[in-house]
Amino acid sequence: MLRMQIVADNKIPFLKGILEPYADIVYLSGEQINRKSLSNADALIIRSVTKCNANILKGTNIKFIATATTGDDHIDKNYCQKNNIEWHSASGCNASAVEQYVTAALLGIAQKSNIILKNLTIGIIGVGNIGSRIEKIAKILGMNVLLNDPPRAEIEGGSMFTDINTLLGKSDIITLHVPLTSGGKYPTYHLADEGFFSKMQKPAILINTSRGEVVDTGALKRAISKGIVNSPVIDVWENEPEIDRDLLDQTAIATFHIAGYSLEGKAKATAMVVETVSRYFNFGIKLWYPDLGKNKIIKELDCTGTTEQEILYKAINFTYNIFSDDKKLHLTPDKFAGLRNNYNFRREFGAFKLKLTNCKKNVFEKLERMGFQLYSSDHCS
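Numbering of the sequence shown is given in my numbering, commencing with residue 15 and proceeding in unit increments.
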């Protein structure tokens, strides 16, 4: 009897060796996954670089698709439904990683431009797994927070949410955390268009870590030229990996779709993929999770003569130097896909243990709330 076959993207970490006892696993690069390579496959494990639609699925025996990503816009859900193909995403797997990225961006720009974040207003558009974490971080940083999420407001009531016009008019920083959708009641394709930017009543920093197509690139470039948007932070781009070089040159921080690329986030994604595949095919794999080791990365931080914001910046910078990734993309924009595929996954806050000296108690507490492990606060006052 022939064993079932699963085709899997070879860039998904921790996967090799886990499913082999139950099926024949064929590992291919994202570019190699096509209709021909799926001719004998029963299931498919992918990343966002693989567009699962009729072009690669028609005529195959694929019954199940698992994507090791939080987004699912690369899967043609209508086609899957019509052809009885079940699919699952790793929703929320990278929320902590994106939280780390946005925190690094906020504190990095503040440090570089001598901006005090406390009491600035941040508008968060999309308040799901990731947006909720950004809300928490913004409050730790002492910022005023405006939330916009029409689908949630419709279900939960609007008391905690702000309409988009008010948010755009009042925000000093706007950060996007929405899924990419083209239809339905609240489509997000080109959500940030000419009309969006025209409602901004003061120059604001724009951060996009959602999907490139959520922002109209042409409209954004015009908004930058008019001074409506300043210091944009762009991790996701239209037409990846062929990114807009003019926009790249106008960014404060530009990276190569890696906001969610932490080791912990990838481990969570692969664990979720294994769990869904196992459940669908009755493999019986339970509670599997990659071994990341238990040893913490220890860093020492002397807080003498530094402000609270500077201490937070230094602590975040221990975990992730966002300007290093920015430099890589500016130097080799034509290597976007290679930079992303060969990225050295960073560690999240929880992997670090900080030894603070001469710090204030409120700083200690803020770092703890961010997720750092800390040495005794004996030296905190």
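Ideal Cβ placement from N, Cα and C applies to all residues, glycine included. The structure presented is a predicted model; accordingly, all values stated were derived computationally and were not measured.
Buried or exposed by the 16-neighbour rule on C-beta atoms within 10 Å, applied to residue i
i           : result
residue 131 : buried
residue 312 : exposed
residue 128 : exposed
residue 201 : exposed
residue 185 : buried
residue 360 : buried
residue 198 : exposed
residue 371 : exposed
residue 251 : buried
residue 384 : buried
residue 274 : buried
residue 16  : exposed
residue 239 : exposed
residue 339 : buried
residue 169 : exposed
Cβ pair residue i, residue j closer than 7 Å
i           : j           : result
residue 178 : residue 214 : no
residue 57  : residue 78  : yes
residue 159 : residue 136 : yes
residue 29  : residue 284 : yes
residue 337 : residue 363 : no
residue 288 : residue 299 : yes
residue 330 : residue 121 : yes
residue 139 : residue 162 : yes
residue 355 : residue 126 : no
residue 39  : residue 20  : yes
residue 315 : residue 328 : yes
residue 266 : residue 148 : no
residue 191 : residue 145 : yes
residue 203 : residue 212 : no
residue 23  : residue 61  : yes
Three-way DSSP call (helix, strand, coil) for residue i in this model
i           : result
residue 102 : strand
residue 235 : helix
residue 215 : coil
residue 90  : coil
residue 327 : helix
residue 137 : strand
residue 42  : strand
residue 340 : helix
residue 221 : strand
residue 47  : coil
residue 82  : coil
residue 360 : strand
residue 371 : strand
residue 314 : strand
residue 388 : strand
residue 58  : strand
residue 355 : helix
residue 169 : helix
residue 131 : coil
Residue nearest to residue i in terms of C-alpha spacing, selected from the options
i           : options            : result
residue 367 : 338, 22, 333, 377  : 333
residue 349 : 255, 283, 372, 310 : 255
residue 76  : 62, 63, 95         : 95
residue 342 : 268, 69, 107       : 268
residue 264 : 170, 236, 80       : 236
residue 102 : 296, 290, 192      : 290
residue 93  : 66, 293, 330       : 66
residue 219 : 141, 134, 64, 174  : 134
residue 259 : 274, 232, 275, 273 : 232
Check: residue i C-beta below 6 Å from any heavy atom of the ligand FAD
i           : result
residue 124 : Ligands are entirely absent from the displayed structure, and the ligand FAD is therefore not among its contents.
- Item | the stretch 271-288 contacting the stretch 78-92, beta-carbon criterion three pairs below 8 Å | yes
- Task: Report yes or no: do three or more beta-carbon pairs, one from the stretch 150-163 and one from the stretch 110-127, lie closer than 8 Å?
- Result: yes
- Query: Quick check: the stretch 39-53 against the stretch 68-75, are there 3 or more CB pairs under 8 Å?
  - Reply: yes
- Is the stretch 207-226 in contact with the stretch 319-326, if contact means three or more CB pairs nearer than 8 Å? no
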